[in-house]
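The structure appears right after this line, and notes come after that.
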Amino acid sequence: LIDGDGDDWLYGDGGLDRPALTDNHKAARDWFAAEMRGRGYTVLVDAIGNLFGRIDLAGPDAPVVMIGSHLDSQPLGGRFDGAYGVIAGLAAVETFRREAVEPRCNYIIADWMNEEGARFQPSLLGSSVFAGAVPLDWALERRDRDGKSVAEELRHTGYAGSDAAPRPDLYLEVHIEGDDKMEKAGARIAPFLRHWGALKIRIEVTGEQNHTGPTPMQDRKDAVLGAAYIIAFVRELADTAADTLYSSVARLDVSPNSPNIVPGKAVLFAELRSPEPAMLEWSEARLRAALPALAARASVTAEIVAVDRRPAGRFDPRLVALSEAVADDFGYPRIRLDTIAGHDAVAVNAILPAIVVAVPSVGGVIHRNDEYTSPEDLAAGGDVLVEMIRRIDRSGGDLNLATETP
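Listed below in structure tokens is the structure:
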């Protein structure tokens, strides 16, 4: 998905490293933009760096269907997460264009900026700006570990756009599942019914820098020790509310990060995920109440310095029904799922009808080098996406009509 002429972009273990606004990410986006231009799409880049390809097939006043996902990846991530949805979107529209029909809709392929949130936090940054969930200026000021801002890196990669973001009437996304529920059920298609809510919590633990040798143990104010107590408690929260709360602390920034220095500061990136707002409220309150005592065990202080909130919700039931009807017509076994992970469709769903349709992940693997979905399942997702487009287009963008049996 970079230059189209081989696997030279793959790492030796099959994974890739393409965090947002890195040179690798730029290369992938440059290739994809060129592919769209070469096929007659008008390429647009908005102020937060979302990349769009628009093709008007039905006139200026026709309904607009957007399909997409993202080309950025986790560090040392997999090949399918995000990229499949972008490429499948373009392939689906191109397949539809070749058919002998008179289109009634126009189409946009979207590559959202910084879906993963690996380099810049929070995740879903580009789609959240698009949906009005976060201010543009605030998003442009997000900084990575090295202090580089989104605005600076958009300019560096050539994706500091000035185009107005297009406004579609609905949004479709196909994605790998990232779990093994489909595989175990023998399903090939799964619309997501709900998206879980999430709290992305940044906690700053402050101790006192000192030498790891002569400093007496009882005098140490070890920020990492304090962080360890907090990390264990975040896990205990999920154990207390099994299956209704997922938690993690997957990133820890330590200062000065020397093996011979008692750490003076540690910043934790904690996440709490649940389908129920009340559970998120409960877990946040428990964490806030526990922090002082947890920090005191290590003679340090701890403070929550930022919370990014993503509400839970439901995807459009008409699009769910449409995806299921199409899967049934193809004879593809299907199940219904929730998505615990975030997707750009989650942000877009707040302002217009949206859906994520999943295909299986072998072994449930995602965000890892051996992430894999079979060609047959990738094709099944493409089949469903193309037929959804056909029925939506035939209805003139009316989702109530699109779900009727043709």
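Just so it is clear: in the sequence shown, position 209 is 217 by the working numbering, and no numbers are missing.
Ideal Cβ positions, reconstructed from N, Cα and C, are used throughout, including at glycine.
Quantities reported herein were computed from a predicted structural model and do not represent experimental measurements.
- Spanning the alpha carbons of residue 172 and residue 100 requires a straight line of approximately 25 Å.
- In this structure, the straight-line span from the alpha carbon of residue 175 to that of residue 75 is close to 12 Å.
- Closest in alpha carbon position to residue 278, among 240, 301, 286, 155, is 240.
- The continuous stretches of alpha helix (DSSP H) do not include residue 128, and DSSP gives it neither H nor E.
- Here DSSP, grouped into helix, strand and coil, assigns residue 261 to strand.
- DSSP places residue 180 inside the beta strand (DSSP E), whose first and last residues are 178-184.
- In the three-state reduction of the DSSP assignment, residue 199 falls in the strand class, which pools E and B.
- Residue 297 and residue 120 have their C-alpha atoms some 37 Å from each other.
- Secondary-structure assignment with DSSP links residue 342 through a beta bridge to 197.
- One alpha carbon belongs to residue 311, the other to residue 210, and they sit about 9 Å apart.
- Cα atoms of residue 364 and residue 88: separation of roughly 15 Å, rounded to the nearest angstrom.
- The C-alpha of residue 116 lies about 34 Å from the C-alpha of residue 192.
- Taking a 10 Å sphere around the C-beta of residue 291, we find 16 or more other C-beta atoms and assign the residue as buried.
- Nearest to residue 357 by C-alpha distance, out of 368, 177, 50, is 177.
- If you keep only unbroken alpha helix (DSSP H) runs of at least 4 residues inside the stretch 154-180, you get 158-165.
- For residue 349 against residue 186, the beta-carbon gap comes to about 6 Å, under 8 Å, which counts as contact.
- In chain order, 60, 74, 76 place their CB closer than 6 Å to the CB of residue 118, counting only its own chain and leaving out the 5 sequence neighbours on each side.
- Looking only at 97, 400, 113, the smallest Cα-Cα distance to residue 68 is reached by 113.
- For residue 323, DSSP assigns no beta-bridge partner whatsoever.
- Apart from the 5 residues on each side of it in sequence, residue 33 sits with its Cβ closer than 6 Å to the Cβ of 26, 80 in its chain, given in chain order.
- Boundaries of the beta strand (DSSP E) harbouring residue 309: 309-318, taken from the DSSP string.
- Within the same chain, Cβ atoms closer than 6 Å to the Cβ of residue 63 are found at 49, 115, the five residues on either side in sequence being excluded.
- Residue burial is scored here from C-beta neighbours: residue 305 has fewer than 16 other C-beta atoms within 10 angstroms and is therefore classed as exposed.
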